[in-house]
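Visitor: What follows is a structure written as structure tokens; I'll ask about it next.
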Amino acid sequence: MEIKVKDKKILLHALKDSFMKLSPKTQIGNPVMFLVYISAILTSFLFLLSCFGIKDASSGYILGIAVILWFTVLFANFAEAIAEGRGKAQADSLRASKKDIETKKIDSIDHKEDFKLVSSATLRKGDLVLVNAGEQIPADGEVVEGAASVDESAITGESAPVIREAGGDRSAVTGGTMVTSDWIVIQVTSEAGESFLDKMIAMVEGSSRKKTPNEIALQIFLVALTAIFILVTASLYSYSLFSSKQLGLENPTSITSLIALLVCLAPTTIGALLSAIGIAGMSRLNQSNVLAMSGRAIEAAGDVDILMLDKTGTITLGNRQAAEFIPVDGHTEQELAEAAQLASLADETPEGRSVVILAKEKFGIRERNLEELHVSFVPFTATTRMSGVDMKSDRIRKGAADSIKEYIINQGGRYSGQCDVAVKSIASKGGTPLVVSKNKEILGVIYLKDIIKAGVNEKFADLRKMGIKTIMITGDNPLTAAAIAAEAGVDDFLAEATPEGKLQMIRDFQAKGHLVAMTGDGTNDAPALAQADVAVAMNTGTQAAKEAGNMVDLDSSPTKLIDIVRIGKQLLMTRGSLTTFSIANDLAKYFAIIPALFLGLYPELSALNIMHLHSAESAIFSAIIYNALIIIALIPLALKGVKYREVSAGKLLSWNLLVYGVGGIIAPFIFVKLIDLLLVATGLF
Numbered sequence: 001m002e003i004k005v006k007d008k009k010i011l012l013h014a015l016k017d018s019f020m021k022l023s024p025k026t027q028i029g030n031p032v033m034f035l036v037y038i039s040a041i042l043t044s045f046l047f048l049l050s051c052f053g054i055k056d057a058s059s060g061y062i063l064g065i066a067v068i069l070w071f072t073v074l075f076a077n078f079a080e081a082i083a084e085g086r087g088k089a090q091a092d093s094l095r096a097s098k099k100d101i102e103t104k105k106i107d108s109i110d111h112k113e114d115f116k117l118v119s120s121a122t123l124r125k126g127d128l129v130l131v132n133a134g135e136q137i138p139a140d141g142e143v144v145e146g147a148a149s150v151d152e153s154a155i156t157g158e159s160a161p162v163i164r165e166a167g168g169d170r171s172a173v174t175g176g177t178m179v180t181s182d183w184i185v186i187q188v189t190s191e192a193g194e195s196f197l198d199k200m201i202a203m204v205e206g207s208s209r210k211k212t213p214n215e216i217a218l219q220i221f222l223v224a225l226t227a228i229f230i231l232v233t234a235s236l237y238s239y240s241l242f243s244s245k246q247l248g249l250e251n252p253t254s255i256t257s258l259i260a261l262l263v264c265l266a267p268t269t270i271g272a273l274l275s276a277i278g279i280a281g282m283s284r285l286n287q288s289n290v291l292a293m294s295g296r297a298i299e300a301a302g303d304v305d306i307l308m309l310d311k312t313g314t315i316t317l318g319n320r321q322a323a324e325f326i327p328v329d330g331h332t333e334q335e336l337a338e339a340a341q342l343a344s345l346a347d348e349t350p351e352g353r354s355v356v357i358l359a360k361e362k363f364g365i366r367e368r369n370l371e372e373l374h375v376s377f378v379p380f381t382a383t384t385r386m387s388g389v390d391m392k393s394d395r396i397r398k399g400a401a402d403s404i405k406e407y408i409i410n411q412g413g414r415y416s417g418q419c420d421v422a423v424k425s426i427a428s429k430g431g432t433p434l435v436v437s438k439n440k441e442i443l444g445v446i447y448l449k450d451i452i453k454a455g456v457n458e459k460f461a462d463l464r465k466m467g468i469k470t471i472m473i474t475g476d477n478p479l480t481a482a483a484i485a486a487e488a489g490v491d492d493f494l495a496e497a498t499p500e501g502k503l504q505m506i507r508d509f510q511a512k513g514h515l516v517a518m519t520g521d522g523t524n525d526a527p528a529l530a531q532a533d534v535a536v537a538m539n540t541g542t543q544a545a546k547e548a549g550n551m552v553d554l555d556s557s558p559t560k561l562i563d564i565v566r567i568g569k570q571l572l573m574t575r576g577s578l579t580t581f582s583i584a585n586d587l588a589k590y591f592a593i594i595p596a597l598f599l600g601l602y603p604e605l606s607a608l609n610i611m612h613l614h615s616a617e618s619a620i621f622s623a624i625i626y627n628a629l630i631i632i633a634l635i636p637l638a639l640k641g642v643k644y645r646e647v648s649a650g651k652l653l654s655w656n657l658l659v660y661g662v663g664g665i666i667a668p669f670i671f672v673k674l675i676d677l678l679l680v681a682t683g684l685f
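First residue of the sequence shown: 1, per the UniProt record's numbering; consecutive thereafter.
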């Protein structure tokens, strides 16, 4: 999903919105920046008074402070506006694919030819719609009849069409996508205005973004700090009045200077960027084609320490491949290959095609005249768990070991002991054994190998460094599951997984204080998804799965969960890093400015004036300028996020304290001094 709006246009909109956000109703939503807003109004009022001779300080100084404070507020507004602008650009591209169209509404599946042309805006949940090739899908729904290729590029950005069909876990379709071949009947699953497109537009625009618990907690902390600095500043003014009277001097500390000092000491940096960090995190998630139902879900992704991952499609490629023919009981490998190929000619699954290819590659077995052989194909069924062919004189079967064993015994044959050994050997390697029989004899076993995805071992090692435990979920037997888990490098596995087993495992981990993330696409995944702290449902999955999850992956990629965790952690890292930097900044400014501020009363403080600032007013002016400019300087970091590092929480904390803590202390000393020198050089002080 690319943003097609130029960066220049986003910047211009952000500048305009910066001024629109100056209303008190908007500003009061951010207590720290509301303090700066009030301070800007007060200093503007003090400047007006100075024009009538009621001077707290020189008019030029007061005006300068007022202007910089207004710029500080505008810079904070700009940070939020540019983050929202990027989201609005995403929303515009999504909205372009959302339009009212004429669609074919039908009363029942049996009467598809009796359709009525209606506007898609009038469709309601439960309505049936016929969509033919070349037509746009009018609303979110489930395919209840037919199968078709669907172009989902308007939603996912992926140009290759995907198959959507009735039944199974790939039956969901999204409004705004296009049917490119065949036809489907869909049942609408959302009311008007509540589709995934509508929800996604609302999320990326920020209109439905609420403050997360972590944001609220941090804001309370910042408000508490600000309250402390208000008391400190008020105390400093009282102390300055008292000291100047005791010494018989004119009070050197003006109300304007103390207002500016208060703004410098308050945590304005993180206060200004906090909202932008949250919006940018949501935007990064949306750019990955993931729709989060709330900001809380993204934060939870950053805190998870248990990752439950499906084996198929996440850890393995999902298509098992025939790797070896293992003959038994004196039969030859070629004899086994010929029988296996015949049994697989009508098998259109990736596994079946791989058997045909392996037989062709190893023994050059080509197509045969099936009419001469009088071949009758026996399809695979979930009941028999085997398939094969019946010929004039032979019956060949290929299937699960226990199914073939039962079949052979029922035919009056004997199950091979060598076959049993081969089956167990394959299972111990993490493979899937397919037994092949001819009439009443076992010919041998096909070794189907689960292909582990390249790089997954390294990914799991990185997650382990961050303290995240990975658990593979599979329907395989424990022996096979253990072998694949060891090869992939996951920490644990759940074999022969059932909906109840997944749910119980999640509850057990949560009872021990862990946060659990998982993916799912089927109705049987819904209970576990509803229980998980971060639940990513596939967009191609069933409606029950999507309603149970708190995120929906529009690409329907099981591996996306790992990326979601990274985005969540990057959001938390960015917020933590900039909070550390902001508080360190405040401490540094306190020690840099206070000595210069009271030099007029206590010349002895010159020993503490290590920066040798020109005067109290130049010190305040330099600090307030730095305070405004640092917000602008950190906007790119707030939007992009700090660099993601795959280390433990302890190492990450140490790194943040070193880089952003020490950096936050050093930066004000350097730049406030440089600004002070520049102000003096230009003759302003």
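In this text, a Cβ means the ideal position worked out from N, Cα and C, and glycines have one as well.
In this structure, does DSSP put E351 in helix, strand or coil?
Guide: Numbered from its first residue, the sequence shown carries residue 351 at position 351. It is helical.
Visitor: Spatial neighbours of R642 within its chain, please: C-beta separation below 6 Å, excluding the five flanking residues on both sides.
Guide: As a first step, residue 642 is located in the sequence shown; it is residue number 642 there, counting from the start. Note that residue 642 is Val in the sequence shown, not Arg. Around V642: M573, T574 and S577.
Visitor: Flag this pair as yes or no: are the beta carbons of S376 and D390 separated by less than 8 Å?
Guide: What you label residue 376 is simply residue 376 of the sequence shown in a count that begins at 1. What you label residue 390 is simply residue 390 of the sequence shown in a count that begins at 1. Yes, they are a contact pair.
Visitor: Specify the secondary structure class of S618 as computed by DSSP and reduced to three states.
Guide: Within the sequence shown, numbered from 1, the residue matching residue 618 stands at position 618. Three-state DSSP puts S618 in a helix.
Visitor: Specify the secondary structure class of L130 as computed by DSSP and reduced to three states.
Guide: As a first step, residue 130 must be located in the sequence shown, where it is residue number 130. Note: L130 maps to strand in three-state DSSP.
Visitor: Quick one: is S208 buried, meaning 16 or more other Cβ sit within 10 Å of its Cβ, or exposed?
Guide: Within the sequence shown, residue 208 is the residue found at index 208, counting from 1. Low confidence applies here, because S208 scores a pLDDT of 47, under 50, leaving its location unreliable; read the following figure in that light. With fewer than 16 Cβ atoms within 10 Å of its Cβ, S208 is classed as exposed.
Visitor: From the DSSP output, read off the bridge partner residues of I186.
Guide: The sequence position of residue 186 within the sequence shown is 186, counting from 1. I186 pairs with V129 and V143.
Visitor: In whole angstroms, what separates the C-alpha of K16 from that of T269?
Guide: Here the question's residue 16 lines up with position 16 in the sequence shown. Here the question's residue 269 lines up with position 269 in the sequence shown. For K16 and T269, the distance between alpha carbons rounds to 21 Å.
Visitor: If I'm right that V179 touches A139 with Cβ under 8 Å, what's the distance once you round it to whole angstroms?
Guide: On the sequence shown, residue 179 is found 179 positions in, with the first residue counted as 1. On the sequence shown, residue 139 is found 139 positions in, with the first residue counted as 1. At roughly 13 Å, the Cβ-Cβ gap does not stay under 8 Å, so V179 and A139 are not in contact.
Visitor: May I ask you to list the residues that DSSP assigns as paired with V435?
Guide: On the sequence shown, position 435 is the one that residue 435 refers to. According to DSSP, which records beta bridges pairwise, V435 is partnered with G399 and V445.
Visitor: So, with DSSP's three-state summary, where would you put P327?
Guide: Here the question's residue 327 lines up with position 327 in the sequence shown. Note: P327 maps to strand in three-state DSSP.
Visitor: Distance check for S354 and K211, CA to CA, integer angstroms please.
Guide: Your numbering for residue 211 matches position 211 in the sequence shown. Your numbering for residue 354 matches position 354 in the sequence shown. Distance between the alpha carbons of K211 and S354 is about 52 Å.
Visitor: Over what stretch of residues does the alpha helix (DSSP H) that includes T480 continue unbroken?
Guide: Within the sequence shown, residue 480 is the residue found at index 480, counting from 1. It spans P478 to A488 - the alpha helix (DSSP H) in which T480 sits, taken as one unbroken run.
Visitor: With the cut-off set at 8 Å, would you say A81 and S181 are in Cβ contact?
Guide: Working through the sequence shown from its first residue, we reach residue 81 at position 81. Working through the sequence shown from its first residue, we reach residue 181 at position 181. In this structure, A81 keeps its C-beta atom at 8 Å or more from the C-beta atom of S181.
Visitor: Whole angstroms is fine: what's the gap from D476's alpha carbon to E500's?
Guide: Here residue 476 refers to the residue found at position 476 when the sequence shown is read from its first residue. Here residue 500 refers to the residue found at position 500 when the sequence shown is read from its first residue. C-alpha separation (whole angstroms): 16 Å.
Visitor: Do you know whose CA, among V328, D525 and F671, lies nearest Q418's CA?
Guide: On the sequence shown, position 418 is the one that residue 418 refers to. With distances taken between Cα atoms, Q418 lies closest to V328.
Visitor: V662 lies in the alpha helix (DSSP H); which residues open and close that run?
Guide: By 1-based counting over the sequence shown, the position of residue 662 is 662. Here the alpha helix (DSSP H) through V662 covers V662 to A681.
Visitor: Quick test of your reading: I567 and I298, contact by CB under 8 Å. State the CB separation rounded to the nearest angstrom.
Guide: Here residue 567 is taken as the residue at index 567 of the sequence shown, counted from 1. Here residue 298 is taken as the residue at index 298 of the sequence shown, counted from 1. That belief holds up - the Cβ atoms of I567 and I298 are roughly 7 Å apart, short of 8 Å.
Visitor: Using alpha carbons as the reference points, say which of I624, A427, N214 and F598 lies closest to G300.
Guide: Within the sequence shown, numbered from 1, the residue matching residue 300 stands at position 300. It is Ala, not Gly, that sits at residue 300 in the sequence shown. Checking every option, the nearest Cα to that of A300 belongs to N214.
Visitor: Buried or exposed, going by whether 16 or more other CB atoms sit within 10 Å of the CB of M505?
Guide: The residue you call residue 505 lines up with position 505 of the sequence shown. Result: buried.
Visitor: Return the CA-CA distance between G683 and H614, expressed in angstroms with no decimal places.
Guide: Sequence index remark: in the sequence shown, residue 683 carries index 683 (1-based). Sequence index remark: in the sequence shown, residue 614 carries index 614 (1-based). The straight-line gap from Cα to Cα measures roughly 12 Å.
Visitor: Are V304 and A517 closer than 8 Å when you measure CB to CB?
Guide: By 1-based counting over the sequence shown, the position of residue 304 is 304. By 1-based counting over the sequence shown, the position of residue 517 is 517. Closer than 8 Å, so yes.
Visitor: Judging by CA-CA distance, which residue of T559, S437 and V672 is the nearest neighbour of D310?
Guide: Residue 310 sits at position 310 when you count from the first residue of the sequence shown. The residue with the shortest Cα to Cα distance from D310 is T559.
Visitor: Is it true that the CB of A596 sits closer than 8 Å to the CB of A616?
Guide: Your numbering for residue 616 matches position 616 in the sequence shown. Your numbering for residue 596 matches position 596 in the sequence shown. The answer is yes: Cβ separation under 8 Å.
Visitor: Provide the residue span of the beta strand (DSSP E) that contains I306, from first to last.
Guide: The residue labelled residue 306 in the question sits at position 306 within the sequence shown. I306 to D310 is the extent of the beta strand (DSSP E) around I306.
Visitor: Would V129 pass as a contact of K104 if the rule is Cβ separation under 8 Å?
Guide: Along the sequence shown, one-based indexing puts residue 129 at 129. Along the sequence shown, one-based indexing puts residue 104 at 104. Going by C-beta atoms, V129 is nearer than 8 Å to K104.
Visitor: Ordered along the chain, which non-local residues of its own chain (more than five positions away) have a Cβ less than 6 Å from that of Y660?
Guide: Taking the sequence shown and counting its residues from 1, one reaches residue 660 at position 660. Excluding residues within five positions, the ones whose Cβ falls inside 6 Å are S577, T580 and F581.
Visitor: Which residue wins for smallest C-alpha separation from T381, given the options G399, G364 and L529?
Guide: Here the question's residue 381 lines up with position 381 in the sequence shown. Considering only alpha carbons, the answer is G399.
Visitor: What are the boundary residues of the beta strand (DSSP E) that R414 is part of?
Guide: On the sequence shown, position 414 is the one that residue 414 refers to. No beta strand (DSSP E) holds R414; DSSP gives it neither H nor E.
Visitor: Using the Cα positions of K6 and G85, report the straight-line distance between them to the nearest angstrom.
Guide: As a working note, residue 6 is residue 6 in the sequence shown. As a working note, residue 85 is residue 85 in the sequence shown. In this prediction, K6 scores a pLDDT of 49, lower than 50, which makes its location untrustworthy; the coordinate-derived value is nonetheless stated afterwards. Cα to Cα, K6 sits roughly 11 Å from G85.
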